[in-house]
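Chemist:
Chains as they are written, first to last, in my numbering: chain W, 119 to 369; chain P, 9 to 199.
(1) Considering only C-alpha positions, which residue in the set W:187, W:158, W:200 is nearest to residue 176 of chain W?
(2) Between which two residues does the beta strand (DSSP E) holding residue 204 of chain W run?
(3) Write down every uninterrupted run of the beta strand (DSSP E) in the segment 272-331 of chain W whose length is 3 residues or greater and which is fully enclosed by it, in chain order.
(4) What does DSSP give as the partner residue(s) for residue 118 of chain P in the beta ladder?
(5) So, does the CB of residue 353 of chain W fall closer than 8 Å to a CB anywhere in chain P?
(6) What's the call for residue 358 of chain W, buried or exposed, on a 16-neighbour Cβ count within 10 Å?
(7) Would you list the one or two residues that DSSP bridges to residue 6 of chain P?
(8) Whose CA, out of P:133, P:61, P:18, P:29, lies closest to the CA of residue 96 of chain P?
(9) Between residue 173 of chain P and chain W, is there a C-beta pair that is closer than 8 Å?
(10) Does chain P have any CB closer than 8 Å to the CB of residue 181 of chain W?
(11) Does the segment 171-188 of chain W come close enough to the segment 236-245 of chain W that 3 or more CB-CB pairs lie under 8 Å?
(12) Which residue spans inside the segment 39-94 of chain P form an unbroken beta strand (DSSP E) run of at least 3?
(13) Please confirm if the segment 117-133 of chain P is in contact with the segment 146-161 of chain P, defined as three or more CB-CB distances below 8 Å between the two stretches.
(14) At the level of alpha carbons, what is the spacing between residue 186 of chain W and residue 192 of chain P?
(15) What in chain P is Cβ-close to residue 230 of chain W, meaning under 7 Å?
(16) Comparing alpha-carbon positions, which option in W:309, W:196, W:271, W:224 lies nearest residue 247 of chain W?
(17) Would you kindly check if the distance between the Cβ of residue 262 of chain W and the Cβ of residue 208 of chain W is under 8 Å?
(18) Between which residues of its own chain and residue 28 of chain P is the CB-CB distance below 6 Å, once the five residues before and five after are set aside?
(19) By DSSP, does residue 172 of chain P sit in helix, in strand, or in coil?
(20) Residue 186 of chain P by DSSP, collapsed to three states: which one?
(21) For a test of the three-state rule: what should DSSP assign to residue 142 of chain W, helix, strand or coil?
(22) Under a Cβ-count criterion, where at least 16 other Cβ atoms within 10 Å of its own Cβ denotes burial, should residue 327 of chain W be classed as buried or exposed?
(23) How would you call residue 192 of chain W, buried or exposed, if buried means at least 16 neighbouring beta carbons within 10 angstroms?
(24) Check each residue of the segment 236-269 of chain W: if its Cβ is closer than 7 Å to any Cβ of chain P, include it; give the result in chain order.
(25) Using the three-state DSSP reduction, which class does residue 157 of chain W fall into: helix, strand or coil?
(26) Could you pull out every residue in the same chain whose Cβ sits closer than 7 Å to the Cβ of residue 219 of chain W, ignoring the five residues on either side in sequence?
(27) Excluding sequence positions up to five away, which residues of its chain have a Cβ less than 8 Å from the Cβ of residue 138 of chain P?
(28) Taking the C-alpha atoms as reference points, what is the distance between residue 131 of chain P and residue 129 of chain W?
(29) Leaving out five residues before and five after residue 388 of chain W in sequence, what residues of the same chain have Cβ atoms less than 7 Å from its Cβ?
(30) Could you check whether the Cβ of residue 110 of chain P sits closer than 8 Å to any Cβ belonging to chain W?
(31) Compute the beta-carbon to beta-carbon distance between residue 228 of chain W and residue 301 of chain W, rounded to the nearest angstrom, for a pair I have assumed lies under 8 Å.
(32) I'd like the span of the beta strand (DSSP E) that includes residue 173 of chain W, first residue to last.
(33) So if DSSP puts residue 340 of chain W in a beta bridge, which residue, or which two residues, is it bridged to?
(34) For residue 90 of chain P and residue 35 of chain P, what's the separation of their Cα atoms in angstroms?
(35) Pull out every residue of the segment 141-161 of chain P whose Cβ sits closer than 7 Å to any Cβ of chain W, in chain order.
(36) Would the beta-carbon of residue 136 of chain W fall within 8 Å of that of residue 163 of chain W?
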């Protein structure tokens, strides 16, 4: 399907994986005011999200399964998204997992004799970002002239994580647990700088949503998380916090 | 493998010949025994022989191994020799510099990176050292690593992004649980 014409052009497109669900719920519940925007959602849940790719200058589904998922999420028949289709793009979640980046970096930084030079931090950050396809797509969109922002997948949820199954969190990153805002700041800044170099605005997870060094506060757990042990997905309230941070950057 | 040569002074067990990482008796749980614990200040010939043996052993295990040698710019705090620590530092660093140079010339898979020179050269007037004039400040580490990565990219090209190691992903919670992801989406976007 061709992209809609300029007359039908929407202002804001939120692209993402299953984390889009919490954003949609936040909007539907009135927790976040996007009244100033015509908004479309575009994406697919976790495993299917990997079947989306940049093809011929547009983000497209590579399989029938992904195409079906995208159409269901979008609800307006938009099979693919190109840089010129919207005024602003927000990539939300989209597999850029802070839970895989923050803990080991904080552990390295806090370790005795573990000085992490700016050059190493920059190289590690760029490698982390470049290893995520959606981030590469976001950078491509920005390079094509689109206004693009990226909000990463948040840290795992405290109070939900099953430490019997996740002994790595204790065993591998004991020092990261002690980290506070000043220790995380260089990492947020490195991510911000790396994205800024590609003209993409980075929306860090707000510090007041973080606890115990490397976790998202239990208040932001998704519904039923205690039963499902879902440490990944977050509540609509959390999505509202992230969207407000994004809107603040837009201003 | 990056191998930083630090100092020539060390302690060994006179009965077994094994070398200690620290002088016995200087860390909790150990006791110094003058009959067994022997000080040794390595000379060029013996260190060259031992490093050659170590490199050949490593290459036998991994024929593709490449080694980058550096010399620590951090001076000695104290010496177990009768020399002044300034003299002892010069001796250690000189021997190790010569050793790194010889190994880089001798073995095609060994190279040398001049982090020592970047930190200590008079042109920088000691600016990379902390007020204690021993520790290296973050700005010095940044300068060294900046040159290191730039040189790596110049010689070998830009590093291609690699996905995180499989083992790391497997050790994290089930982040790719398709069922939970699907529930998140379906609940929000179902018609």
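Ideal Cβ positions, reconstructed from N, Cα and C, are used throughout, including at glycine.
The model shown is predicted, which means the values in this text are computed figures rather than measured ones.
Modeler: Let me spell this out:
(1) For this step, residue 176 of chain W is matched to residue 58 along the first chain. Selection W:187, W:158, W:200 evaluated against residue 176 of chain W yields W:200 as nearest (Cα-Cα).
(2) Here residue 204 of chain W refers to the residue found at position 86 when the first chain is read from its first residue. In the DSSP annotation of this structure, the continuous segment of the beta strand (DSSP E) that includes residue 204 of chain W starts and ends at 204-215.
(3) The DSSP assignment places 318-320 as complete runs of the beta strand (DSSP E) inside the segment 272-331 of chain W, in order along the chain (cut-off: 3 residues).
(4) On the second chain, position 110 is the one that residue 118 of chain P refers to. Answer is P:75, bridged to residue 118 of chain P.
(5) To locate residue 353 of chain W, count along the first chain from 1; it is residue 235. No, its Cβ sits nowhere closer than 8 Å to a Cβ of chain P.
(6) Here residue 358 of chain W is taken as the residue at index 240 of the first chain, counted from 1. Around the Cβ of residue 358 of chain W, a 10 Å sphere holds 16 or more other Cβ atoms; the residue is buried.
(7) Residue 6 of chain P lies beyond the stretch modelled for chain P, which goes from 9 to 199, so this question has no answer here.
(8) The residue given as residue 96 of chain P occupies position 88 in the second chain. When only C-alpha atoms are compared, the closest one is P:18.
(9) As a position in the second chain, residue 173 of chain P is number 165, starting the count at 1. Bear in mind that a pLDDT of 49 at residue 173 of chain P, under 50, signals an unreliable position, so the number given afterwards is only what the model happens to contain. It does not; no Cβ of chain W falls within 8 Å.
(10) Within the first chain, numbered from 1, the residue matching residue 181 of chain W stands at position 63. No, its Cβ sits nowhere closer than 8 Å to a Cβ of chain P.
(11) The segment 171-188 of chain W and the segment 236-245 of chain W do not touch, with fewer than three beta-carbon pairs separated by less than 8 Å.
(12) Note on the segment 39-94 of chain P: whole beta strand (DSSP E) runs with a minimum of 3 residues are 45-49, 75-79, in chain order.
(13) The segment 117-133 of chain P, when compared against the segment 146-161 of chain P, does touch it at the 8 Å Cβ threshold.
(14) As a first step, residue 186 of chain W must be located in the first chain, where it is residue number 68. As a first step, residue 192 of chain P must be located in the second chain, where it is residue number 184. It is roughly 16 Å from the alpha-carbon of residue 186 of chain W to the alpha-carbon of residue 192 of chain P.
(15) Translated into the one-based positions of the first chain, residue 230 of chain W becomes position 112. Within 7 Å Cβ-Cβ: nothing; residue 230 of chain W doesn't reach chain P, min ~13 Å.
(16) Position 129 of the first chain, counted from the first residue, corresponds to residue 247 of chain W. Measuring from the Cα of residue 247 of chain W, the nearest candidate turns out to be W:309.
(17) Here residue 208 of chain W corresponds to residue number 90 of the first chain, with the count starting at 1. Here residue 262 of chain W corresponds to residue number 144 of the first chain, with the count starting at 1. Contact flag unset, no.
(18) For the purposes of this step, residue 28 of chain P is taken as residue 20 along the second chain, with counting starting at 1. Contacts found: 19.
(19) Start at 1 with the first residue of the second chain, and residue 172 of chain P comes out as number 164. Residue placement at residue 172 of chain P is poorly supported in this model, since its pLDDT is 49, which falls under 50; the coordinates are not used for a value here.
(20) Sequence index remark: in the second chain, residue 186 of chain P carries index 178 (1-based). Looking at residue 186 of chain P - three-state DSSP - the assignment turns out to be helix.
(21) Taking the first chain and counting its residues from 1, the one referred to as residue 142 of chain W is at position 24. Assigned with DSSP and collapsed to three states, residue 142 of chain W falls in helix.
(22) The sequence position of residue 327 of chain W within the first chain is 209, counting from 1. Under this definition residue 327 of chain W is a buried residue.
(23) Taking the first residue of the first chain as position 1, residue 192 of chain W is located at position 74. Under this definition residue 192 of chain W is a buried residue.
(24) Under the 7 Å Cβ criterion, the segment 236-269 of chain W contributes 236, 237, 238, 241, 245, 248, 249.
(25) Indexing the first chain from 1 puts residue 157 of chain W at position 39. Residue 157 of chain W falls in the strand class under three-state DSSP.
(26) Reading the first chain from its first residue, position 101 is the one you call residue 219 of chain W. Only 246 meet the Cβ criterion.
(27) By one-based count along the second chain, residue 138 of chain P stands at place 130. Correct list, in chain order: 144, 145.
(28) Translated into the one-based positions of the second chain, residue 131 of chain P becomes position 123. Translated into the one-based positions of the first chain, residue 129 of chain W becomes position 11. About 55 Å.
(29) The structure shown does not extend to residue 388 of chain W, since chain W is modelled only from 119 through 369, so no value can be given for it.
(30) Here residue 110 of chain P is taken as the residue at index 102 of the second chain, counted from 1. The beta carbon of residue 110 of chain P sits no closer than 8 Å to any beta carbon of chain W.
(31) Within the first chain, the letter at position 110 stands for residue 228 of chain W. Within the first chain, the letter at position 183 stands for residue 301 of chain W. Approximately 7 Å separates the beta-carbon atoms of residue 228 of chain W and residue 301 of chain W; this is inside 8 Å, confirming the contact.
(32) Along the first chain, read from residue 1 onward, the residue named residue 173 of chain W stands at position 55. Per DSSP, residue 173 of chain W belongs to the beta strand (DSSP E) from 170-173.
(33) Taking the first chain and counting its residues from 1, one reaches residue 340 of chain W at position 222. None; residue 340 of chain W has no bridge partner.
(34) As a first step, residue 90 of chain P must be located in the second chain, where it is residue number 82. As a first step, residue 35 of chain P must be located in the second chain, where it is residue number 27. Their backbone Cα atoms lie some 23 Å apart in a straight line.
(35) With the criterion set as a beta carbon lying under 7 Å from some beta carbon of chain W, the members of the segment 141-161 of chain P are 146, 149, 150, 153, 154, 157, in sequence order.
(36) Looking up residue 136 of chain W in the first chain gives position 18. Looking up residue 163 of chain W in the first chain gives position 45. Yes; because the gap between Cβ atoms is below 8 Å, this pair is in contact.
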